[in-house]
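Written out below as structure tokens is the structure these notes cover.
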Amino acid sequence: MTSDLLAIDQKASNSLLDASKNGLIDTVEALVGNGAIVDASDENGSSSLIWAARNGHDEVVKLLLEHDAAVDLVNAKGGTALMIAAWGGHLEVITQLLNAGAAIDRQHPNGNTALAFACAFGQLEAAQSFIEAGACVNGQNQLGITPLMLAVRNGHADVVKLLLETGASLDLRDKEGWTALISASHSGHSNTVLLLLENGADVNQQNVDGFSALTCACSNGHVSTARILLEYGADINVVEKDGDTSLLLAAKNDYVDVVELLLKNGALVDVVNREGTTALVHAALNDNAGIVKLLLEYGAIR
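Next comes the structure, spelled out in structure tokens:
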């Protein structure tokens, strides 16, 4: 008899999970009204509330909360309904979860909060909602990465602007010494780079490997970003840990337009790195006649 009851409970729980996942409000209402276990979870630890939040079913979320669904239940990967709603920017769901007392600064096992997830995925309205509710703007995850860094890495300029307006720090570094500006420059998001510089970002900070924002931009061929950084006073001859300058790295990676920009702005042409290699040697080894020609025109001799 007991096993039969357990089987019935399990069937009802599975039905509730499926109905919540698919936004079937009438079915959800019938099931919880007949005693289905609201906080039962699937094999991945996701409850009906988590599934409804994930898929943006705000009416289902409201109903489950009215039946005392655990708002901060964590699934097997460490995600809560609030974090998962943040990924998709489900604003009405987020509002309901916050009103129900969801822990706004709770951290995922990777250290990200709901705000961090919203910023990473470019969910502007969700990010604004979290900030207005008191979320920590400068929280760092396990790698030391902030919401601002996540936003800049993915080129979400509108989110970056919001964070800067609400107290995000430009000076924080992750565990590898990367700042928001270095991250944005590495990704080549010129509009975001400009926004950070206009708000006072230090253009010449370097990470633990000695890479500056300019070094990162040039080594990845982001000529527009490099031009902006130079206009804001980036040190054109800064050296990273292996002795490479921006010019050396641009030549090594065959970025002729970046090489030309750097030469026109006074880059030292014959710098030798720790391996004894110069920009001219890199260009010659790559058989890049265009870069070789440019370097020779600017006086390269080795």
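Take 1 as the starting number for the sequence shown in the UniProt record's numbering and just add one per residue.
Heads up, the beta-carbon is just placed ideally off N, CA and C, and yes, glycines get one too.
Since we're looking at a predicted model, the values are computed, not measured.
Cβ-Cβ distances below 7 Å link N207 to E176, G177, W178 and I182 in the same chain, with the five nearest sequence neighbours on each side left out; the list follows chain order.
Around the Cβ of Q142, a 10 Å sphere holds fewer than 16 other Cβ atoms; the residue is exposed. DSSP, read as helix, strand or coil, puts Q206 in strand. At a cut-off of 4 residues, the continuous stretches assigned as alpha helix (DSSP H) that sit fully inside the UniProt repeat "ANK" (242 to 274) are 246 to 252 and 256 to 264. Boundaries of the alpha helix (DSSP H) harbouring P147: P147 to R153, taken from the DSSP string. Exclusion of the five residues before and after A284 leaves V292 as the residues of its chain whose Cβ lies within less than 7 Å of its Cβ. For G290, the enclosing alpha helix (DSSP H) stretches over residues A289 to E297.
Beta-bridge pairing by DSSP links S190 to no other residue. Using a C-beta cut-off of 8 Å, the stretch 106 to 113 makes contact with the stretch 131 to 140, since at least three inter-stretch Cβ pairs fall below that distance.
Between the alpha carbons of S169 and E43 lies a distance of about 40 Å. With contacts defined as CB atoms closer than 8 Å, A86 and A126 qualify as a contacting pair.
Between S212 and A234, the C-beta gap is smaller than 8 Å, which places the two residues in contact. Between the stretch 51 to 68 and the stretch 25 to 32 there are three or more C-beta pairs closer than 8 Å, enough to call the two in contact.
Separation of the CB atoms of D72 and A118 is rounded to 17 Å, and the pair is thereby denied contact status at 8 Å. Residue pairing by DSSP places S41 opposite S47 in a beta bridge. Rounded to whole angstroms, the separation of the alpha carbons of L195 and K161 is 7 Å. Taking C-alpha positions only, A279 is separated from L91 by approximately 51 Å. For K161, the enclosing alpha helix (DSSP H) starts and ends at A157 to E165. Cβ contact annotation for F121 (same chain, cutoff 6 Å, sequence separation greater than five): W87, in chain order. Between A40 and S47, the C-beta gap is smaller than 8 Å, which places the two residues in contact. DSSP places S219 in the helix class (H, G or I) of the three-state scheme.
By the neighbour-count criterion, in which a residue is buried when 16 or more other Cβ atoms sit within 10 angstroms of its Cβ, R274 is exposed. Within the same chain, V269, D270, T278, A279 and L280 come within 8 Å of A300 by CB-CB distance, once the 5 residues on both sides are set aside.
When the Cα atoms are used, V60 and R153 turn out to be separated by approximately 34 Å.
L248 and I84 have their C-alpha atoms roughly 44 Å apart. With a beta-carbon spacing of about 6 Å, V38 and L64 fall inside the 8 Å limit used to define contacts.
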